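Comments concern the structure below.
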Amino acid sequence: MHENTHNDKMEKKTNEEQLNYYLELSKEQPNNAYPLKQAAYYYQELGQYKKALDFHEKVLEMQPLDTWNLGNMGFCYQQEGDYYTAVDYHLKTYMIDENDTWNLGHLAYSYQQIEEFRKALTYYEILHENSKNESWSFQNAGFCAQELYDYQRALKHYHKASELSPDNTFILDSIGYCYSQNNELEKAIESFLKVRKIAPSETWNLAPLGWAYFRLGNIEMAKSYLEKAEQNYPDCHDLLHLGHVYFCMGNDQKAKETYQKSMKMFEDKEEFLDDFEEEYEHLKQYQINMAEYRQLKIELSFY
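The sequence shown finishes on residue 312 if you use my numbering, and the numbering steps up by one all the way, no holes.
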């Protein structure tokens, strides 16, 4: 909530006491928006967002252009998980006051939650023109750009977020992922290794680190990290990539076993076979024969 309008004389009272005071005052002064706003505020402070909305609605009738009220209605709908309605109220607020950075952040976030990533990114970037000190907003902007496959733009935002929160492993992993998608493998590995130094017990980046090493031509390091990933809840692609390692090292039996495990984790066998075919380009540097690789694909298709 971006504004606290409670009276200084009430500060030492608990939220419940303040709420009760303003509830009584609102009964005495039914045409006064102030106690209604305060009741809404304290209901929010107590996490009772539906009740807060009841009072916000009353304020809306009296003061339809009150940006504090409109923005906090959006906030309450966010807390209730209704991000579509939240967007409506945050947009109304934005149309009245484009410089309300609190509202801009919540508008962008609400769009992000309904997977309108392009709109979310637009509003995060407008927010950054006015406020440049919030790591979370740069992180979220990076995520939205990443979801739009605009990795260079994502990196710009992630790097800014990392400047503000240098030990945030999620941000560093995201930087590594984007570099990997851009085929800047040395930079990807550098970022992933920073995470390993900060949080040695983290397991998420074991597989992408191993895959980056594989694509870079360092199969021993690839094997090391992908085998560690296999022991830590691997996904279908982690196992597919480990299968590639074994196949390129000449361990055909272990490769087939790992590929089969991977195939079972895919939602559909055809998806596995398509990915298997597409990833041949990454195996070329290990002198893998295309005909031999396709023969293996045929064998796998019968499992």
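Glycine included, each C-beta is placed from N, C-alpha and C at the ideal position.
All values reported here derive from a predicted model rather than from experimental measurement.
Between the Cα of residue i and those of the options, spot the shortest distance and give me the residue it belongs to.
i           : options               : result
residue 221 : 66, 291, 123 and 137  : 291
residue 184 : 164, 259, 78 and 247  : 164
residue 213 : 227, 252 and 186      : 186
residue 91  : 115, 263 and 104      : 115
residue 203 : 182, 193, 216 and 189 : 182
residue 174 : 144, 296 and 42       : 144
residue 304 : 138, 256, 270 and 30  : 256
residue 54  : 267, 85 and 148       : 85
residue 284 : 138, 247 and 150      : 247
residue 107 : 125, 120 and 138      : 138
residue 302 : 275, 268 and 280      : 268
residue 393 : 50, 77 and 37         : Beyond the ends of the chain as shown, which are 10 and 312, falls residue 393; an answer cannot be given.
residue 131 : 105, 275 and 162      : 162
residue 160 : 176, 191 and 136      : 191
residue 172 : 264, 153 and 148      : 148
residue 124 : 112, 153 and 110      : 153
Drop a sphere of 10 angstroms on the beta-carbon of residue i, count the other beta-carbons inside from all chains shown, and report buried for 16 or more, exposed for fewer.
i           : result
residue 278 : exposed
residue 218 : buried
residue 7   : This structure cannot settle anything about residue 7, because the visible part of the chain is limited to 10 through 312.
residue 243 : buried
residue 210 : exposed
residue 133 : buried
residue 18  : Reliability fails at residue 18, whose pLDDT of 49 lies under 50, so the model's placement of it is uncertain and the value that follows must be treated cautiously. Flag for residue 18 reads exposed.
residue 56  : exposed
residue 40  : exposed
residue 259 : exposed
residue 52  : buried
When you compare only the Cα positions, how much space is there between residue i and residue j?
i           : j           : result
residue 249 : residue 310 : 14 Å
residue 312 : residue 272 : 9 Å
residue 23  : residue 193 : 55 Å
residue 25  : residue 178 : 39 Å
residue 239 : residue 216 : 8 Å
residue 32  : residue 95  : 25 Å
residue 207 : residue 72  : 51 Å
residue 120 : residue 300 : 47 Å
residue 81  : residue 103 : 12 Å
residue 380 : residue 151 : It is not possible to answer for residue 380, since the shown part of the chain is limited to 10 through 312.
residue 232 : residue 261 : 15 Å
residue 200 : residue 188 : 9 Å
residue 128 : residue 307 : 44 Å
residue 155 : residue 141 : 20 Å
residue 74  : residue 98  : 11 Å
ask   = Can you list, in chain order, the stretches of the alpha helix (DSSP H) that have 4 or more residues and sit fully within the stretch 183-223?
value = You should have 194-207.
query = Taking the runs of the alpha helix (DSSP H) that are 4 residues or longer, which of them lie wholly in the stretch 221-292?
reply = Entirely contained in the stretch 221-292, the alpha helix (DSSP H) runs reaching 4 residues are, in chain order, 228-239, 245-257, 261-274 and 278-287.
request  = Tell me the start and end of each unbroken beta strand (DSSP E) in the stretch 20-77 that is at least 3 residues and wholly inside, in chain order.
outcome  = If we require 3 residues or more, the stretch 20-77 turns out to have no beta strand (DSSP E) run fully inside it.
task = For the stretch 131-188, list the alpha helix (DSSP H) runs that are entirely contained and at least 4 residues long, ordered along the chain.
result = The qualifying runs are 144-156 and 160-173.
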